[in-house]
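Here is the structure we will look at, set down as structure tokens.
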Amino acid sequence: MRFALVDGQLIEALYALEGTCPGCGKQVFARCGDVRVAHWAHAGEKMCDRWWDSETEWHRSWKSQFPQPWQEVFRQDVRTHEIHIADVQTEHDLVIEFQHSSIKKKERDARESIYGNMVWVVDGAFRKNDYSRFFKNQGKFKFTEESGIFHVDRPEECFHSTWLSSSKPVIFDFRAVAPEGNIFDAHKYLYCLFPISIGGSAVFAELTPDDFIKKVIKGEWLLWFEGLMNGFR
1263 MRFALVDGQL IEALYALEGT CPGCGKQVFA RCGDVRVAHW AHAGEKMCDR WWDSETEWHR
1323 SWKSQFPQPW QEVFRQDVRT HEIHIADVQT EHDLVIEFQH SSIKKKERDA RESIYGNMVW
1383 VVDGAFRKND YSRFFKNQGK FKFTEESGIF HVDRPEECFH STWLSSSKPV IFDFRAVAPE
1443 GNIFDAHKYL YCLFPISIGG SAVFAELTPD DFIKKVIKGE WLLWFEGLMN GFR
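Basically the numbering used here = 1-based index in the sequence shown + 1262.
Okay, here's the thing in structure tokens:
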């Protein structure tokens, strides 16, 4: 975790500090080293959220784009009563999950069900072949009447199967591995795969990180997303 309660205040992990988990109320300890980013750990390293995974600088960089009160919001599954931590939950009840590791379909589906209005942001540098798969198929991307919106046939050749069956929008962040000078300037953009298929073709949008962040902060993301989805139907 990035934040814990110390003397009633949410603070980041600092060497030798002890605090309280804002979700379960148990004691947590600051872990500050050279290998992993500084974080708070529960006793025995067992998190109260079984979905929680180690964070990277990529996670932290993304989270820092949003107000602190929106980061690491604790949610309880009304069915199982389990505690889960949304990476970001806005004041408009949009959840953003930043995914840097592999995820099983069962867990992905469970998160999508619990969080409702949500969007995935996937680190395109995690899997070795994700960007090369996307890049070598760029010649097959078809422009649409909407600026920045594309169709692509045989989407399984462009995107990992984990995300093709998602019921939520999935944003791929290839900036860390995309070279400059390619047709789509992937080192500047994010690519949002929509949870819809048109005649077997996938639909995705190209947008800048700033555009995505501004849409989220201003509460415009859902209107933008739903407007495009309605246009596809």
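Heads up, the beta-carbon is just placed ideally off N, CA and C, and yes, glycines get one too.
Local conformation of residue i per DSSP, three classes
i     : result
W1324 : helix
L1485 : helix
D1339 : coil
D1274 : The amino acid occupying residue 1274 in the given sequence is Glu; Asp does not appear at that position. Strand, per DSSP.
W1313 : coil
A1300 : coil
D1349 : strand
L1267 : strand
K1480 : coil
K1308 : coil
N1492 : helix
K1368 : helix
E1344 : coil
D1473 : helix
A1373 : Looking at the sequence shown, residue 1373 is not Ala but Arg. Helix at R1373.
Residue i - partner residues in DSSP beta bridges
i     : result
V1384 : Q1361 and F1434
G1281 : V1290
E1468 : Y1453
Q1330 : Its beta-bridge partners do not exist; DSSP assigns none.
S1463 : I1460
Cutoff 6 Å; reference residue i; Cβ partners in own chain excluding five residues on either side
i     : result
S1363 : D1315
I1411 : A1467
E1419 : N1399
F1436 : G1386, Y1393 and A1448
M1380 : V1357 and K1430
Contacting residues, own chain, Cβ-Cβ under 7 Å from residue i (five flanking each side not counted)
i     : result
E1369 : W1313
V1217 : Given that the chain is displayed from residue 1263 to residue 1495, the structure contains no residue 1217 and the question cannot be resolved.
F1403 : F1412 and V1414
Residues of its chain near residue i, where Cβ-Cβ distance is below 8 Å and the 5 sequence neighbours each way are ignored
i     : result
T1470 : K1450, Y1451 and L1452
K1367 : T1424 and S1427
**Touching by the beta-carbon criterion (3+ pairs, under 8 Å), the stretch 1278–1289 and the stretch 1348–1363** = No: the two stretches stay apart, fewer than three of their Cβ pairs being nearer than 8 Å.
**Request:** Identify every run of the alpha helix (DSSP H) within the stretch 1391–1456, keeping only runs that are complete inside it and at least 4 residues long; order them along the chain.
**Result:** Assignment of alpha helix (DSSP H) within the stretch 1391–1456, counting only whole runs of 4 or more residues, yields 1392–1398 and 1423–1426 in chain order.
**Request:** For the stretch 1296–1306 and the stretch 1336–1351, state whether three or more C-beta atom pairs, one from each stretch, are separated by less than 8 Å.
**Result:** Using a C-beta cut-off of 8 Å, the stretch 1296–1306 makes no contact with the stretch 1336–1351, since fewer than three inter-stretch Cβ pairs fall below that distance.
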